[in-house]
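In our numbering, the protein residues as written are 3 to 556. We treat Cβ as the ideally placed atom computed from N, Cα and C, and that holds for glycine. In what follows, a single structure is set out as structure tokens and then discussed.
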Ligand SMILES: [Zn+2]
């Protein structure tokens, strides 16, 4: 009797405690809807960056300046993310960043697009009826639903997987020209990165018509640009590694991030910015330990820029998260003696490096065979032996090799060089590809609402969407801007006129509409009508995904 009374009293108290704030919140909500606290979002993605990269970079930084015990990211580390594809536990950049941007797990190579079903291997069930549907992203939601300014800052070429995941849709990440076109027509305000070769006269003309100032290999021009819409592209493809760049000609990731924030933060409605340290992944694929560390430290400076802005601004959410791990880096590879290995022996071998392995490959290929030793010794600071020279002679693509083709191995030159150099250090790589470890998560939220603990990719997306006021709003946006043309134009005369280029003509009693994939306009009775979103044509199911509102124009 006594005991049940206590339980009753506790339940009553709990009930009051639980329900009291809810009632309060309700009455508050009636009076005045709470304004969205977060105005700006900066998502920073170090591509292919394992937790061990932080450890190696932190020691490397500390060893050179013992006042620098911590990385810029360190105070903000708050959790882990389980990252993978819809049908495989080891992810690829395209589906993993897609998941952060759209909330949907997807298949390898897919760029913010619903996966085709893989009944045998799907980790969670997928809906075959939705295969190939483009999925609205955080960037698109910010721009279309909230009128925010948008930006992408990368060191790869701008239609590469991670930036494309923010502002393009397709089932093949390698369709760079198509993805570049979508990014241009998706009206991104600020793009800074590599890839002048992906801009042609038509795209230049479109950027110009929107008042975008395009700077090609012109850091001085970009730096002093005052407009709200600026694109700055360096190199025909990806930008040089941080260790190899000429600081007068090519900006650092931190400088590009500073410029993007300075430009985007003029937007009254706020902004969405994605910054990618793209080449941590490239260096990890190449097993280039010096490249990995210096690319990460360049990324870490950009994290510092974003965090400084966010702390001052007070309305900015910053999320830092790799898309997956690459290379399987470890600090240490000894079977014994690892516990007495001094810091000096771990880090000293890295101190003489001046360039990435990619730079060394290019230098070796453009010099005679007798310059292998001086080139590698100068670029790495490590002793190069006759046995090393012999291994390089055997590389499959070493253009100055004195050996016949048939005498060569099938190992590529950059792989041979990185194996030679890594063997002289106490670092080790387990793979040249991606590995399936969880990734770290760091964040700054002005009100302290941090994503703690382990998140799945869709959960991390949901967290960002909620904080920025896009919760439950991207699915309806997807339905409205990426509807199937067969549904939108049901009952009308529809003809796909060019399957390869993705062109279609729709006729009603009154109007004729010409539609083309990968752009954000239609031609209605000969007149160009701009759209808020890009039209995506998928040849695999012969479907155009386009706005439902087009029906009203017919
Ligand atoms: Zn990769």
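Query	Result
Cβ neighbours of residue 407 in the same chain (closer than 7 Å, five flanking residues each side left out)	none
Where residue 457 falls: helix, strand or coil (DSSP)	strand
Backbone secondary structure at residue 2 - three-state DSSP	Residue numbering for the chain in the displayed model covers 3 to 556; residue 2 lies beyond these limits and cannot be assessed.
Residues bridged to residue 238 (per DSSP)	DSSP, once it has assigned bridges, lists no residue as partnering residue 238.
Segments of 3+ residues assigned as beta strand (DSSP E) that fall wholly inside the segment 148 to 190	151 to 159
DSSP state of residue 376 mapped onto helix, strand, coil	helix
Three-state secondary structure (DSSP) of residue 311	helix
Beta-carbon proximity check, residue 98 vs residue 325, cutoff 8 Å	yes
Given 8 Å, three or more beta-carbon pairs between the segment 338 to 352 and the segment 114 to 130	no
Bridge partner(s) assigned by DSSP for residue 514	509
Any heavy atom of ligand 1 nearer than 6 Å to the CB - residues listed	50, 95, 283, 287, 328, 436
Residue 553, buried or exposed, once every other Cβ within 10 Å from all chains shown has been counted against 16	buried
Contact belief for residue 510 with residue 494 at Cβ below 8 Å, rounded distance in angstroms	5 Å
Limits of the unbroken beta strand (DSSP E) element including residue 318	318 to 322
Contact check, residue 196 vs residue 141, beta carbons under 8 Å	no
Local conformation of residue 26 per DSSP, three classes	Bear in mind that a pLDDT of 39 at residue 26, under 50, signals an unreliable position, so the number given afterwards is only what the model happens to contain. The answer is helix: DSSP assigns residue 26 an H, G or I state.
Endpoints, the alpha helix (DSSP H) within which residue 97 is located	95 to 104
Between the CA atoms of residue 517 and residue 549 - distance to the nearest angstrom	11 Å
For residue 295 and residue 154, the rounded distance between their alpha carbons	23 Å
Continuous alpha helix (DSSP H) stretch holding residue 351: start and end	345 to 353
Length at least 3, wholly inside the segment 222 to 283: the beta strand (DSSP E) runs in chain order	232 to 235, 273 to 279
Reduced DSSP category for residue 447 - H, G, I as helix; E, B as strand; rest coil	coil
Helix, strand or coil at residue 207 according to DSSP, with G and I counted as helix	helix
Environment of residue 450 [buried if 16+ CB atoms lie within 10 Å]	exposed
Pairwise C-alpha distance: residue 162 and residue 168	11 Å
Contact check, residue 359 vs residue 47, beta carbons under 8 Å	no
Top-ranked residue by Cα proximity to residue 64, from 112, 41, 214, 353	353
Per DSSP, cross-strand counterpart(s) of residue 136	115
Distance, residue 260 Cα to residue 143 Cα	24 Å
The segment 200 to 216 in contact with the segment 309 to 324 per 3-pair CB rule at 8 Å	no
Backbone secondary structure at residue 21 - three-state DSSP	The predicted model places residue 21 with a pLDDT of 39, which falls under 50 and marks its position as unreliable, so this point remains unresolved.
Residues near residue 132 in its chain [Cβ-Cβ closer than 7 Å; skip 5 each side]	116
Beta carbon of residue 443 nearer than 8 Å to that of residue 457	yes
Residue 178 to residue 520 span [Cα, whole Å]	12 Å
Segment contact, 8 Å Cβ cut-off, at least three pairs: the segment 42 to 61 with the segment 261 to 278	yes
Alpha carbon of residue 384 to alpha carbon of residue 364, nearest angstrom	18 Å
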